[in-house]
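J.:
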Amino acid sequence: MLRYVIRRFLQGIIVVFLISVATFGILHLTPGDPIFVLIGESGTAQLTTEQIAQIRHYWGLDQPLYVQYFKWAGNMFRGNFGESVIEVGTPVSTLIMQAAPVTAKINVLALLLAIVIAIPAGILSGVRQYSIFDYFSTLGATLGVSVPSFWIALMLIILFALKFRLLPPFGVSDWKGYLLPVVVLAIEQTAIIARLMRSTTIEALGQDFVRTARAKGLGQAVVLTRHVVRNALLPVVTVIGYRIAFLLSGTIVIETVFAVPGIGQLFVNSVYHLDYQVVQAIVLILSLLVVAANLATDLVYAFIDPRIRLT
Amino acid sequence: MSRFPDETARRVLSGTTRRTFLKRAAALGLSAPVVGSLLAACGGGNTVAPTTSTTSSSSSGAGAASPTAEVIPTTQINTGASTPSASPQAAAGTPKQGGSLNLIGHQEIAGLSPNDTGPGDQWVMITQIHNALLEMDENFVFNPVLATSFETAPDGLTYTFHLRSGVKFHDGTDFSSADVKYTFDFYSNASNGSVIANYFQNMDTVTASDPTTVVVKMKAPNAAFIALGSSVFIVQSKYHAQVGEKVYRTKPVGTGPFKLQEWVSADHTTVAAFDQHFRGRPHVDTLTQKLVAEPSVRTIALQTGQADSSVWTVLVQDDLKLNADTAHFTSFTSVSVAVNHFPINNQRPFFADKQVRQAMMYAIDRQKVIDTVFQGAAVLATGNLAPNLQAWYNAGVTKYSYDVAKANSMLDAAGWAVGSDGIRAKNGQKFSFVCWVLSGDQARKPEAVLVQQYMKAVNIDMQVQELPATTILAQLLAGKGDASLFNWTYGGSSGDPDASDTLRSNGGSNFSHYNNPQMDTLLDQGLKETDPTKRKAIYDQIQSIVSDDVPFLYMMYWQWFNHFAKRVQGLPKSALNGGQLYAKAYQWWIA
């Protein structure tokens with residue numbers, strides 16, 4: 164077991180390293196650099212090419228790629244994520260620390276909401292296959308996955324903010340502001356988890372041990388709680404565990420529409436403006452999260468399910 | 117699914133930024149009489165646009181009204197007034213103290229130093245925190261603010277500014293000439309990372325002879341110095357020298373009516389009233405700008421009252437709707453001086469021939485584009501300067517009507533014969549090019565697609581591709597692109613007509629790689645010419661050449677809208693330059 168963990172850990176390090184090199188490479192291969200954002204606005208700065216070169220030099224953007232990479236890697240190990248070029252004077256770590264909690268909060272709430280709705284719904288669908296409830300929840304799940312979230316978001320804002328004046332149209336300054344983003348984000352997750360729960364329930368219901376339990380004379384409720392659900396939950400728990408890796412991502416659309424100052428918005432703006440340090444730092448953190456969450460989920464899964472042996 | 121807000125794109129390349137009709141109407145002093153004005157709609161405060169809703173396309177009102185409307189008097193500079201002139205107030209009420217104003221913008225506030233005034237949203241906050249020697253108001257009048265008066269030597273090589281006394285910075289220290297000298301010296305140097313270095317072009321020395329006098333000596337005349345250089349915001353010199361620009365832009369200290377209270381760049385920026393401001397404490401207690409990237413959500417925020425004003429425009433259909441809602445909003449309409457255009461790489465074989473470029477102009481029904489894509493909320497372009505820059509605009513240039521037959525015959529005459537695949541070709545080279553559009557540009561993508569149809573009608577193959585703004589700009593300048601579509605100022609950004617950075621062969625923003633030695637000479641002469649009549653003649657000729665050479669396909673000048681919730685009082689009756697209104701936030705109060 165310990166060997167397994169160490170091996171996975173080392174693999175994780177290699178993966179993260181490769182990702183950071185790839186990100187760095189792609190960012191710098193993209194033509195253009197953040198200078199144009201600083202100068203940008205309709206050419207009113209009227210700078211000569213020499214002055215532009217001076218400014219690029221000031222930001223260290225004219226050094227060879229490998230120098231820039233190693234400087235960045237070196238700083239990283241010392242915990243210094245560098246500085247944003249666009250938001251000059253602000254360390255990247257500050258930007259991320261400001262943005263991460265907001266995104267995490269929304270993701271956690273959305274995941275909890277999804278779990279609370281999807282698991283009972285999925286079990287019920289699985290137990291009462293082809294019933295009215297099943298059909299409706301299937302329809303709901305399909306819609307939830309296919310309808311674009313930004314459209315749903317805008318429609319909800321028009322409905323609840325403009326027409327009914329119940330909720331704020333944007334921002335998360337108070338708890339009311341969290342409602343709509345969390346709901347919109349939860350929709351797709353609910354759909355996926357419900358469908359998965361449904362199929363694992365159906366599969367569990369067809370197992371021998373269920374037939375045995377019924378033969379023994381156990382009532383439906385006991386069969387469900389003690390045998391079916393626990394087994395059906397296993398794959399779902401795995402999926403949810405993997406989703407924890409994405410606690411800091413997947414919210415780009417939501418954040419843009421609802422004006423939530425989270426990682427998604429920070430990331431998109433930074434990529435768009437080629438704000439290298441910020442992008443690299445975020446990608447690094449996200450990849451570390453994914454690697455860690457995957458490893459943790461595998462370990463928990465092995466713990467829960469005695470049939471699994473990790474090698 | 118990632119979806120980039122169009123405003124992020126638009127912000128980089130939209131002409132309608134603070135800067136552009138940057139209140140710089142232009143210089144008095146040496147040069148020309150200056151600028152005009154923006155055409156406001158009838159008497160300002162009202163709409164040019166039709167009052168119908170977005171679905172109808174009755175655009176007749178908008179397009180036709182603007183260019184021929186009233187003549188606005190030329191800009192004035194108050195050289196000796198002791199207090200900045202107050203604009204006529206719309207509401208005659210007694211100002212109420214207190215309250216918070218809520219503004220919304222479309223991008224994050226990256227920094228709050230004088231160097232960050234390019235992006236419009238940032239300028240709105242920076243102008244609350246700082247003051248400059250001269251500041252332009254919403255009617256193109258330059259008012260002395262930190263200066264009380266100034267003189268210009270007849271040869272244009274010396275400026276003497278007399279400074280106001282009794283002005284305090286936010287940290288309690290006194291404002292003096294040392295701060296002006298420091299500011300000018302620092303920001304005129306590009307190796308300090310200053311993107312406004314060229315505002316001080318040809319500046320030689322700055323001398324702070326006594327605490328209330330600053331003398332600026334120039335190496336050569338610079339017609340635009342008063343408009344650009346003396347409008348740079350002044351920093352607290354000792355503090356700035358101590359902490360450096362990087363820290364300063366996160367914690368600025370100025371003389372402005374508000375001081376920085378809280379700054380979370382990606383979310384909001386809040387400024388609080390400064391009690392010792394030399395013009396008196398502002399009426400409201402705090403002013404906040406929040407980031408709302410999605411334009412539809414900004415419209416909704418205005419309609420629910422959660423925001424008092426949006427400092428950046430919303431979608432044009434919504435702008436027209438808000439304009440018509442006079443019960444809930446006070447609206448101002450202005451016109452941008454940045455031209456919406458297709459830069460085309462003159463070095464490409466198909467764009468190298470002037471006749472071909474002219475033919476392309478004939479092939480596009482530009483008025484139709486204005487009416488369908490922009491709901492009529494734009495003015496047709498006839499050259500590189502906007503029609504409302506009355507002091508410089510030259511109407512007597514080559515005009516291009518919509519004439520498909522003429523376009524076809526000109527293309528045929530230029531040797532581009534239609535091939536068997538329906539695309540023109542010459543010497544084995546197909547007339548096929550890629551037009552780059554900003555990623556997520558909701559406003560201009562439809563325009564590109566529409567023009568694609570016009571090109572197809574004359575057998576030119578145009579492909580539309582989306583790329584991020586920084587990539588487009590870099591690639592165009594490197595000569596690696598065919599064409600693109602965005603707004604940019606080709607002269608007129610400060611009200612000053614100089615277009616060296618875009619039209620000169622070695623210009624830093626010469627996207628079309630235009631190379632005309634005659635144009636180069638004229639541009640150089642124009643910058644140095646001190647006689648107003650002679651200067652006008654030079655820029656007349658420049659516009660004439662632009663309309664003949666067509667280095668880029670100039671389409672239109674957008675209208676710009678500013679809406680304020682009815683509860684905001686103290687707004688002027690009219691504004692020729694709506695974007696500038698936010699500089700007077702210290703005069704507003706909440707009803």
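Protein sequence lines correspond, in order, to chains X and W.
Be aware that the first sequence starts at 164, since it is given in our numbering, and climbs by one per residue.
Be aware that the second sequence starts at 117, since it is given in our numbering, and climbs by one per residue.
Just so it is clear, CB atoms sit at the ideal spot from N, CA and C, and this is done for glycine as well.
(1) Can you pull the chain W residues whose beta carbon is under 8 Å from the beta carbon of residue 325(X), in chain order?
(2) Take the Cβ of residue 270(X) as the centre, count every other Cβ of all protein chains shown within 10 Å, and call the residue buried at 16 or more, exposed below.
(3) Counting contacts by CB-CB distance shorter than 8 Å, is residue 600(W) in contact with chain X?
(4) Kindly indicate which residue of 480(W), 539(W), 458(W), 579(W) has the alpha-carbon position closest to the one of residue 602(W).
(5) Starting from residue 437(X), find everything on chain W with Cβ-Cβ shorter than 7 Å and list it in chain order.
(6) For residue 447(W), report the span of its beta strand (DSSP E) as first-last.
(7) Assign residue 220(W) to one of three DSSP states: helix, strand, or coil.
(8) According to DSSP, is residue 319(W) helix, strand or coil?
(9) How many Å lie between residue 308(X) and residue 352(X) at the Cα?
(10) Please list the partners that residue 262(X) has in chain W, where partner means a Cβ-to-Cβ separation under 7 Å.
(11) For the candidate residues 437(W), 699(W), 314(W), 600(W), whose alpha-carbon lies nearest to that of residue 550(W)?
(12) On the DSSP bridge assignment, give the partners of residue 329(W) in chain order.
(13) Taking the beta carbon of residue 432(X) as the centre, do at least 16 other beta carbons fall within 10 Å, making it buried, or is it exposed?
(14) Closest to residue 238(W) by C-alpha separation, out of 336(W), 383(W), 267(W), would be which residue?
(15) Taking only the alpha-carbon atoms, compute the straight-line gap between residue 686(W) and residue 209(W) and give it to the nearest angstrom.
(16) Counting only beta-carbon separations shorter than 8 Å, does residue 467(X) have a partner in chain W?
(17) Among 346(X), 245(X), 423(X), whose alpha-carbon lies nearest the alpha-carbon of residue 273(X)?
(18) Distance, Cα to Cα, residue 213(X) vs residue 308(W)?
(19) Check whether the Cβ of residue 270(X) lies closer than 8 Å to any Cβ atom in chain W.
(20) Is residue 343(W) near the ligand FMN - that is, is its Cβ less than 7 Å away from at least one heavy atom of it?
(21) Relative to the alpha-carbon of residue 258(W), which residue among 683(W), 318(W), 699(W), 343(W) has its alpha-carbon at the smallest distance?
(22) Would you mind telling me which residues of chain X sit closer than 7 Å to residue 410(W), beta carbon to beta carbon, in chain order?
(23) Measuring CB to CB, does residue 228(X) end up less than 8 Å from residue 437(X)?
(24) Would you kindly report the start and end of the unbroken alpha helix (DSSP H) that includes residue 476(W)?
(25) Could you check the C-alpha separation between residue 454(X) and residue 430(X) for me, to the nearest Å?
(26) Are the beta-carbon atoms belonging to residue 444(W) and residue 705(W) less than 8 Å from one another?
(27) Out of curiosity, what's the CA-to-CA distance linking residue 367(W) and residue 242(W)?
(28) Check residue 702(W) in the structure and name its three-state DSSP category.
(29) Mind checking residue 332(X): buried by the 16 CB within 10 Å criterion, or exposed?
(30) How about residue 628(W): is its C-beta nearer than 8 Å to some C-beta of chain X?
(31) For residue 417(W), tell me which candidate among 244(X), 302(X), 325(X) has the shortest Cα-Cα distance.
(32) In or out: residue 378(W) buried (at least 16 other Cβ within 10 Å) or exposed?
(33) How would you write the range of the alpha helix (DSSP H) that residue 477(X) sits in, first residue to last?
(34) Given residue 178(X), which residues of its chain have a CB within under 8 Å of its CB, disregarding the five upstream and five downstream residues?
(35) At a CB-CB cut-off below 9 Å, which residues of chain W make contact with residue 428(X)?
(36) Since residue 427(W) contacts residue 405(W) with CB under 8 Å, what's their CB separation in whole angstroms?
T.: A quick look at the data gives this:
(1) On the first sequence, position 162 is the one that residue 325(X) refers to. The contacting residues are 416, 419, 420.
(2) As a first step, residue 270(X) is located in the first sequence; it is residue number 107 there, counting from the start. Burial call: buried.
(3) On the second sequence, position 484 is the one that residue 600(W) refers to. Not one chain X Cβ lies under 8 Å of residue 600(W).
(4) Here residue 602(W) refers to the residue found at position 486 of the second sequence. Ranking 480(W), 539(W), 458(W), 579(W) by Cα distance to residue 602(W) puts 458(W) first.
(5) Indexing the first sequence from 1 puts residue 437(X) at position 274. What residue 437(X) touches in chain W: 586.
(6) What you label residue 447(W) is simply residue 331 of the second sequence in a count that begins at 1. First-last of the beta strand (DSSP E) with residue 447(W): 445-459.
(7) The sequence position of residue 220(W) within the second sequence is 104, counting from 1. Note: residue 220(W) maps to strand in three-state DSSP.
(8) Residue mapping note: residue 319(W) aligns to position 203 of the second sequence, counting from 1. Three-state DSSP puts residue 319(W) in a strand.
(9) Your numbering for residue 308(X) matches position 145 in the first sequence. Your numbering for residue 352(X) matches position 189 in the first sequence. Answer to the nearest angstrom: the Cα atoms are 8 Å apart.
(10) Reading the first sequence from its first residue, position 99 is the one you call residue 262(X). Going along chain W in sequence order, the residues near residue 262(X) (Cβ under 7 Å) are 382.
(11) As a working note, residue 550(W) is residue 434 in the second sequence. Selected option, being the one with the closest Cα: 600(W).
(12) Position 213 of the second sequence holds residue 329(W). Partner(s): 278(W), 326(W).
(13) In the first sequence, residue 432(X) corresponds to position 269, counting from 1. Burial call: buried.
(14) Reading the second sequence from its first residue, position 122 is the one you call residue 238(W). When each option's Cα is compared against that of residue 238(W), the closest is 383(W).
(15) Locating residue 686(W) in the second sequence gives position 570, counting from the first residue. Locating residue 209(W) in the second sequence gives position 93, counting from the first residue. Approximately 8 Å between the Cα atoms of the pair.
(16) As a working mapping, residue 467(X) is identified with position 304 in the first sequence. No, because no Cβ of chain W sits closer than 8 Å to the Cβ of residue 467(X).
(17) The count along the first sequence starts at 1 and reaches residue 273(X) at position 110. Closest by C-alpha distance to residue 273(X), out of 346(X), 245(X), 423(X), is 346(X).
(18) Within the first sequence, numbered from 1, the residue matching residue 213(X) stands at position 50. Within the second sequence, numbered from 1, the residue matching residue 308(W) stands at position 192. Each residue's Cα considered, the two are about 13 Å apart.
(19) Reading the first sequence from its first residue, position 107 is the one you call residue 270(X). No, residue 270(X) does not count as interfacial toward chain W.
(20) As for the ligand FMN, it is missing from this structure, which has no ligand bound.
(21) For the purposes of this step, residue 258(W) is taken as residue 142 along the second sequence, with counting starting at 1. Checked all of 683(W), 318(W), 699(W), 343(W); the closest Cα to residue 258(W) is 343(W).
(22) Against the second sequence, residue 410(W) aligns to sequence position 294. Those within 7 Å of residue 410(W) in chain X are 419, 420.
(23) Stepping through the first sequence from its first residue, residue 228(X) is reached at position 65. Stepping through the first sequence from its first residue, residue 437(X) is reached at position 274. It is not a contact, given that the beta carbons lie outside the stated cut-off.
(24) Here residue 476(W) refers to the residue found at position 360 when the second sequence is read from its first residue. Start and end: 470-479.
(25) Counting from 1 along the first sequence, the entry for residue 454(X) is found at position 291. Counting from 1 along the first sequence, the entry for residue 430(X) is found at position 267. Taking the straight line from one Cα to the other gives about 20 Å.
(26) Indexing the second sequence from 1 puts residue 444(W) at position 328. Indexing the second sequence from 1 puts residue 705(W) at position 589. With a cutoff of 8 Å on beta-carbon distance, residue 444(W) and residue 705(W) are scored as not near each other.
(27) The residue labelled residue 367(W) in the question sits at position 251 within the second sequence. The residue labelled residue 242(W) in the question sits at position 126 within the second sequence. Their Cα atoms are separated by approximately 11 Å.
(28) Residue numbering aside, residue 702(W) sits at position 586 when the second sequence is read from its first letter. DSSP places residue 702(W) in helix when its eight states are reduced to three.
(29) Within the first sequence, the letter at position 169 stands for residue 332(X). Per the 10 Å Cβ criterion, buried.
(30) Here the question's residue 628(W) lines up with position 512 in the second sequence. Judged by the 8 Å Cβ criterion, residue 628(W) is not in contact with chain X.
(31) Numbered from 1 along the second sequence, position 301 holds the residue referred to as residue 417(W). Nearest option by C-alpha distance: 325(X).
(32) What you label residue 378(W) is simply residue 262 of the second sequence in a count that begins at 1. Exposed, by the Cβ-count rule.
(33) This structure leaves residue 477(X) out entirely; chain X is present only between 164 and 474.
(34) For this step, residue 178(X) is matched to residue 15 along the first sequence. Cβ neighbours of residue 178(X) beyond the five flanking positions: 450, 454.
(35) Position 265 of the first sequence, counted from the first residue, corresponds to residue 428(X). Within chain W, the residues near residue 428(X) are 224, 382, 407, 409.
(36) For the purposes of this step, residue 427(W) is taken as the residue at position 311 of the second sequence. For the purposes of this step, residue 405(W) is taken as the residue at position 289 of the second sequence. With 8 Å as the limit, residue 427(W) and residue 405(W) qualify as a contact, their Cβ atoms being about 7 Å apart.
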